[in-house]
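K.L.:
In our numbering, the protein residues as written are 72 to 350. Ideal placement from N, C-alpha and C gives every residue a C-beta, glycine not left out. Could you have a look at this structure, given as C-alpha cells, before my questions?
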Ligand code: GUN
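As C-alpha cells, then:
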C-alpha cells in the first residue's frame, strides 16, 4: 500500500507552530475576511478560515456584504482596509457575484496585504523567484511533499491544470524546487503518456475521479487537488483513489489531503504579513 499523505495532521502541526510563534513573538495580526452574497460553500470556507485565525491567535474582522453590493462599494471597502494599519491581510472570498469583476478587486488589494497570493505582483514575484505571498493551495502542496520527505529536486513533475490559483503557481513552485515540470491541460495530446512519466503527479483538473491507474507510473507520488461531492453525499477528488492506490508510492486522500493545507498556508501568510510590518 502507498504512503498516505496526511494533510490533516500536517496542517494541524503547522497551525500549532504558528500558534507558538504568534505567542512567543507577541505578533499581533488581523485578517479582514470579505464575503459578498451567501454562497453556502463560501460560507463554510470563510467560517473555517475565521476558526483557524482564532485558534492561532490572529484577529479576524468579518465583512458579510449582500449579494447586491456594487463593484464600487466593494472597491471602497478594499481601499479602506488597505489604508487601515490595524489590518494586515485582506481576503476576498471567491467567487464573487457575476456583476463584480474579480480581476479588478484582486488588483485593488494592496500587495502587502495579499495573503491569498492572487495579486499580479505576488504572481510576478513568484515567477522570478522574489519574496512575496504565494497562493495557498500550491504552497501547501510543497509543504506536504517536504514534510513527507518526498524529494522534488531532479524529479519529473506533471501538473494537470493551468488555473491562475493552482496549476500555474504549482508549476512555478515545483520548478523553484528544481523539479522538471510539465503543465498539461484540456488540449494536451497524449495526456496519459505524459502523466505516466511523472514521479510527482498533481491533479487539478476539476473532474471527479478522472485520474485512474493508467495515468500513474508505479511508485509515483499522486497529489489530488480536486474536491467533489458525489450523488451518495461522499467526497471524492480528481483522482480515483481506490484504483490508483495500489500503484502509487504516496497519495493524498480526499478529504484530508490537500484541502486542510490551504487554510494552514493562509495562516502562514497572515503571520508573514504581520511580521513584515513589524520589521
Ligand atoms: N474560493 C475558493 N478558494 C479560495 C481561496 O483560496 N481564496 C479565496 N479568496 N477564495 C477562494
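1. Should residue 301 be labelled buried (16 or more other beta-carbon atoms within 10 Å of its own) or exposed?
2. Terminal residues of the continuous beta strand (DSSP E) containing residue 228?
3. Tell me which residue opens and which closes the beta strand (DSSP E) that residue 251 is part of.
4. Would you check whether ligand 1 has a heavy atom nearer than 7 Å to the C-beta of residue 329?
5. With C-beta atoms as the reference, is residue 100 less than 8 Å away from residue 344?
6. Could you compute how far the alpha carbon of residue 353 sits from the alpha carbon of residue 147?
7. Ignoring anything shorter than 4 residues or poking outside the segment 186 to 213, list the alpha helix (DSSP H) runs there in chain order.
8. For residue 338, I'd like the list of residues in its chain whose CB is within less than 8 Å of its CB, leaving aside the five on either flank, ordered along the chain.
9. Kindly list the residues whose CB is nearer than 7 Å to the CB of residue 238, restricted to its own chain and excluding five residues on each side of it in sequence; keep chain order.
10. Curious, which full-length alpha helix (DSSP H) runs of at least 4 residues does the segment 113 to 182 contain?
11. Identify the continuous beta strand (DSSP E) that holds residue 274 and give its terminal residues.
12. Which class does residue 267 belong to by DSSP, given the choice of helix, strand or coil?
13. Taking C-beta to C-beta, are residue 314 and residue 292 nearer than 8 Å?
14. Would you mind stating whether residue 105 and residue 162 have Cβ atoms separated by less than 8 Å?
15. Which value, in whole angstroms, describes the spacing of the CA atoms of residue 181 and residue 223?
16. Would you say residue 106 touches ligand 1, meaning its beta carbon is less than 7 Å from a heavy atom?
17. Hey, how far is the Cα of residue 175 from the Cα of residue 91?
18. For ligand 1, I want to know if residue 187 counts as a neighbour, meaning its beta carbon is within less than 7 Å of at least one of the ligand's heavy atoms.
19. Can you find a C-beta in chain B that's less than 8 Å from the C-beta of residue 171?
20. With DSSP as the reference, label residue 350 as helix, strand or coil.
21. Among 212, 98, 189 and 259, whose alpha-carbon lies nearest the alpha-carbon of residue 157?
22. Ligand 1 and residue 333: does any heavy atom of the ligand fall closer than 7 Å to the residue's C-beta?
23. Pick from 281, 257, 260 and 205: whose alpha carbon is nearest that of residue 244?
24. May I ask you to check if the CB of residue 163 is nearer than 7 Å to at least one heavy atom of ligand 1?
25. Under three-state DSSP, which class holds residue 333?
26. On the premise that residue 280 lies in contact with residue 267, defined as a C-beta separation below 8 Å, what is that separation, rounded to the nearest angstrom?
P.N.:
Reading it off the structure:
1. Position 230 of the chain shown, counted from the start, is the residue given in the question as residue 301. Flag for residue 301 reads exposed.
2. Counted from its first residue, the chain shown places residue 228 at position 157. Taken as a continuous stretch (DSSP letters only), the beta strand (DSSP E) holding residue 228 covers 227 to 231.
3. By one-based count along the chain shown, residue 251 stands at place 180. First-last of the beta strand (DSSP E) with residue 251: 251 to 255.
4. Start at 1 with the first residue of the chain shown, and residue 329 comes out as number 258. Between ligand 1 and the CB of residue 329, the shortest heavy atom gap is not smaller than 7 Å.
5. To locate residue 100, count along the chain shown from 1; it is residue 29. To locate residue 344, count along the chain shown from 1; it is residue 273. Closer than 8 Å, so yes.
6. Residue 353 is absent from the model: the chain starts at 72 and stops at 350.
7. Counting whole runs of 4 or more residues, the segment 186 to 213 contains the alpha helix (DSSP H) stretches 191 to 198.
8. Looking up residue 338 in the chain shown gives position 267. Cβ neighbours of residue 338 beyond the five flanking positions: 85, 86, 89, 123, 124, 127 and 129.
9. Start at 1 with the first residue of the chain shown, and residue 238 comes out as number 167. For residue 238, where only same-chain residues beyond five positions count, the Cβ hits under 7 Å are 230, 232, 254 and 275.
10. Look at the segment 113 to 182 and you find these whole runs of alpha helix (DSSP H), each 4 residues long or longer: 142 to 154 and 173 to 179.
11. Taking the chain shown and counting its residues from 1, one reaches residue 274 at position 203. Counting along the chain, the beta strand (DSSP E) containing residue 274 begins and ends at 271 to 274.
12. Your numbering for residue 267 matches position 196 in the chain shown. Coil at residue 267, not helix or strand.
13. Position 243 of the chain shown, counted from the start, is the residue given in the question as residue 314. Position 221 of the chain shown, counted from the start, is the residue given in the question as residue 292. No, the Cβ-Cβ distance between residue 314 and residue 292 is not below 8 Å.
14. Within the chain shown, residue 105 is the residue found at index 34, counting from 1. Within the chain shown, residue 162 is the residue found at index 91, counting from 1. Cβ atoms of residue 105 and residue 162: closer than 8 Å.
15. Here the question's residue 181 lines up with position 110 in the chain shown. Here the question's residue 223 lines up with position 152 in the chain shown. Rounded to whole angstroms, residue 181 to residue 223 spans 32 Å at the Cα level.
16. Stepping through the chain shown from its first residue, residue 106 is reached at position 35. Not one heavy atom of ligand 1 lies closer than 7 Å to the C-beta of residue 106.
17. As a first step, residue 175 must be located in the chain shown, where it is residue number 104. As a first step, residue 91 must be located in the chain shown, where it is residue number 20. Each residue's Cα considered, the two are about 36 Å apart.
18. Translated into the one-based positions of the chain shown, residue 187 becomes position 116. Result yes, Cβ under 7 Å from ligand 1.
19. Chain labels in this structure do not include chain B; a single protein chain is all it has.
20. Taking the chain shown and counting its residues from 1, one reaches residue 350 at position 279. For residue 350, the predicted model reports a pLDDT of 43, less than 50, meaning its position is unreliable; a value from the coordinates is still stated below. Coil.
21. Reading the chain shown from its first residue, position 86 is the one you call residue 157. Of the candidates 212, 98, 189 and 259, the one whose C-alpha sits nearest the C-alpha of residue 157 is 98.
22. For the purposes of this step, residue 333 is taken as residue 262 along the chain shown, with counting starting at 1. True, at least one ligand heavy atom lies under 7 Å from that Cβ.
23. Locating residue 244 in the chain shown gives position 173, where the first residue counts as 1. Distance check between residue 244 and each of 281, 257, 260 and 205 places 205 closest, using alpha-carbon atoms only.
24. Position 92 of the chain shown, counted from the start, is the residue given in the question as residue 163. Yes, ligand 1 has a heavy atom inside 7 Å of this Cβ.
25. Reading the chain shown from its first residue, position 262 is the one you call residue 333. Correct three-state label for residue 333: helix.
26. For this step, residue 267 is matched to residue 196 along the chain shown. For this step, residue 280 is matched to residue 209 along the chain shown. Wrong, their Cβ atoms sit about 18 Å apart, outside the cutoff.
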